[in-house]
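I have placed the structure first, in the form of structure tokens, so that the comments after it can refer back to it.
Numbering (my numbering), first residue to last: 12 to 193.
Below, the structure is given as structure tokens:
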């Protein structure tokens with residue numbers, strides 16, 4: 012619940028500033044289009060690449076944390092699961108590699124395309140890392156309870172790992188439509 016407070020505060024602050032400008036006759040100064048035109052396309056491209064790599068690494072780390080804690084907890088009851096369930100951690104590490112693939116060395120479209128491609132890949136990999144971590148956690152705990160469930164849960168974990176791959180494919184398609192920055 013505490014994650015909603017900063018977003019609500021930012022929306023409230025933007026609303027107060029916008030209403031102040033509107034009621035004092037300065038509403039035309041609040042121009043989003045002028046802001047988008049004034050920012051360099053290089054900044055949007057760099058921000059997109061940074062979001063792509065950063066969110067992918069955060070998703071991988073989050074998934075590794077979720078899986079690792081469950082492997083440690085379940086390994087107390089059934090020590091045999093420790094090495095077998097490391098495959099879940101490897102799936103989480105692959106998410107970080109997906110985020111690195113979008114980086115490459117013009118116009119407004121190119122900057123915005125790289126920004127949104129990077130944001131798409133990063134968010135998909137963030138969600139992918141968390142879902143792989145949750146499924147890896149379930150795999151470790153299910154394997155600790157019943158050894159026959161490992162392969163069945165591993166198949167579900169592979170499906171959640173595909174989310175990051177879909178994000179990478181969409182990001183590469185968007186990046187492929189953009190021209191090189193000159």
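No residue lacks a Cβ here, since even glycine has one placed at the ideal position from N, Cα and C. In this text the structure is predicted, and so the values were computed from the model without any measurement.
Start-to-end residues for the alpha helix (DSSP H) that takes in residue i
i	result
residue 157	It is not in any alpha helix (DSSP H) - residue 157 carries neither H nor E in the DSSP assignment.
residue 38	It is not in any alpha helix (DSSP H) - residue 38 carries neither H nor E in the DSSP assignment.
residue 93	92-95
residue 68	52-88
residue 168	161-188
Neighbourhood of residue i by C-beta, 7 Å cutoff - its chain only, sequence neighbours within 5 removed
i	result
residue 167	146
residue 160	153, 154
residue 58	126
residue 55	122, 123, 125, 126
Whole-number beta carbon distance between residue j and residue i, since they are thought to touch under 8 Å
i	j	result
residue 143	residue 172	5 Å
residue 151	residue 99	7 Å
Proximal residues to residue i (C-beta, below 8 Å), its chain only, five neighbours per side dropped
i	result
residue 137	66, 67, 69, 70, 73
residue 3	Given that the chain is displayed from residue 12 to residue 193, the structure contains no residue 3 and the question cannot be resolved.
Proximity test, residue i beta-carbon vs the ligand COA heavy atom, cut-off 8 Å
i	result
residue 56	The model on display carries no ligand, and the ligand COA is accordingly not part of it.
Own chain residues within Cβ distance below 6 Å of residue i, not counting five before or after
i	result
residue 185	124, 128
Kindly confirm or deny that the stretch 120-129 and the stretch 87-102 touch, where touching means at least three C-beta pairs closer than 8 Å. No: the two stretches stay apart, fewer than three of their Cβ pairs being nearer than 8 Å.
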